[in-house]
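Asker: Quick note, the working numbering runs 294 ahead of the 1-based positions in the sequence shown.
The beta carbon of each residue, even a glycine, is placed where N, CA and C say it ideally should be.
These numbers come from a predicted model, not from an experiment.
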Amino acid sequence: MELHQLRYLVAVAEEGGFTRAAAREHVAQPGISAQIARLERELGHVLFDRSARGVRPTPAGEAVLPHARAALAAVAAVRDTADELAGLVRGRVSVGMVRGGGVVDLPGLLGDFHRTHPGVEIRLVEAATDALLDGLRRHDLDLAWVGRHGDPPADLDVDVVLDVPLVAVLPPGNPLGDTVTVAELAEHPVIALPRGAGVRAALDSAAEDAGVVLTPALEAGSPAVLLDLAVQGLGVAIVPEPAVAGREDVRVAPLVPEVRARIDLARRRDAPLSPAARALLARAREWIA
């Protein structure tokens, strides 16, 4: 078994075919097919279902893939450690940001990190919290800024980045007072982040506790857009309190009882970070502080 065979195995699984995997690996397609066949003979299992509908991992292939990824990650870690000992921080770091997490200045953090470590390739993915957590567990992501409601996942380590109250942004002429209950929200059009955002999970949980069902009239992935929709009179927007900083064109009311939303910086507990990811984590902690 050789490393390039494991690399080809992962490429075929992720690309869904031998031709696309060959293009990704910059080799001829027959070469990848031959190496996968050789690996299958050595393992004694067929790793891919080669049907007319495409190429998909068999159950044996699905079982082998995590170990192949871990082996490739270990080799990359060896190279990264050698570079680090030579005073270099190179390689690649993959990070995720929860949708609607614009109150965290991730572009500023990544820009600052890039200026200090220009040799590191940065990959950024924006998705719902559940998808980001899956990405961490599959080793597709090194770090992820995720929304949280309740206790953090037991299999991940986290730093709390943001722990803030939610507020209601009232449209012009809305009769609601200086404070708003979640039960009162159920009587008005609500504008909220989509499901999968930590803020939305906190809001839905508070509604359940209040014995009401909130069905947002409008959803958007950015707190700034939610504010603009409220200003246009389209409903009551629910956003993290920092999102309204500097906005003089909105009327804001705290939710009572208080509803809080959190953003955590999460990473795997079962595998060490690469030097590049460790450097970014250290810089992120400076920003959090």
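#1: Should Thr-473 be labelled buried (16 or more other beta-carbon atoms within 10 Å of its own) or exposed?
#2: How about Asp-558 and Asp-453: do their beta carbons lie closer than 8 Å?
#3: Roughly how many angstroms separate the alpha carbons of Gly-441 and Ala-514, rounded to a whole number?
#4: Determine contact between the segment 568–577 and the segment 454–463, defined as no fewer than three beta-carbon pairs at a distance below 8 Å.
#5: Whole angstroms are fine: how far does the CA of His-443 sit from the CA of Ile-384?
#6: By how many angstroms is the C-alpha of Val-546 removed from the C-alpha of Pro-465?
#7: On a Cα-Cα basis, can you pick out the residue from Arg-373, Leu-450, Glu-481, Arg-417 that is closest to Asp-428?
#8: Which full runs of the alpha helix (DSSP H) of 4+ residues lie inside the segment 486–560, going along the chain?
#9: Does the beta-carbon distance from Pro-351 to Ala-307 come in below 8 Å?
#10: Using only the alpha-carbon positions, how far apart do Val-304 and Ala-331 sit?
#11: In this structure, does DSSP put Ala-583 in helix, strand or coil?
#12: Tell me whether the beta-carbon of Ala-539 lies closer than 8 Å to the beta-carbon of Val-530.
#13: May I have the straight-line CA-CA distance separating Glu-535 from Val-461, to the nearest angstrom?
#14: Quick test of your reading: Arg-386 and Val-414, contact by CB under 8 Å. State the CB separation rounded to the nearest angstrom.
#15: So Glu-378 is in the alpha helix (DSSP H); what residue range does that whole segment cover?
#16: Just mark Val-533 as buried or exposed, buried being the case when its beta carbon has 16 or more other beta carbons within 10 Å.
#17: Short check: CB of Thr-313 to CB of Gln-323, under 8 Å?
Answerer: Working from what's here:
#1: For Thr-473, the number of other beta carbons within 10 angstroms of its own is below 16, and it is reported as exposed.
#2: Contact: yes.
#3: Their backbone Cα atoms lie some 16 Å apart in a straight line.
#4: By the C-beta criterion, the segment 568–577 is judged not to be in contact with the segment 454–463, since fewer than 3 inter-stretch pairs fall below 8 Å.
#5: In the sequence on display, residue 384 carries Arg and not Ile. The alpha-carbon atoms of Arg-384 and His-443 are separated by roughly 35 Å.
#6: Whole-angstrom Cα-Cα distance: 9 Å.
#7: The shortest C-alpha separation from Asp-428 is found at Leu-450.
#8: List check, alpha helix (DSSP H) in window: 492–504, 517–525.
#9: The Cβ atoms of Pro-351 and Ala-307 sit closer than 8 Å to each other.
#10: Rounded to the nearest whole angstrom, the C-alpha separation of Val-304 and Ala-331 is 14 Å.
#11: Coil, per DSSP.
#12: Not closer than 8 Å, so no.
#13: Taking the straight line from one Cα to the other gives about 6 Å.
#14: Contact flag correct, Cβ pair sits at about 7 Å.
#15: First-last of the alpha helix (DSSP H) with Glu-378: 353–379.
#16: Counting C-beta atoms within 10 angstroms of its own C-beta, Val-533 has 16 or more neighbours from the protein chains shown and is therefore classed as buried.
#17: Yes.
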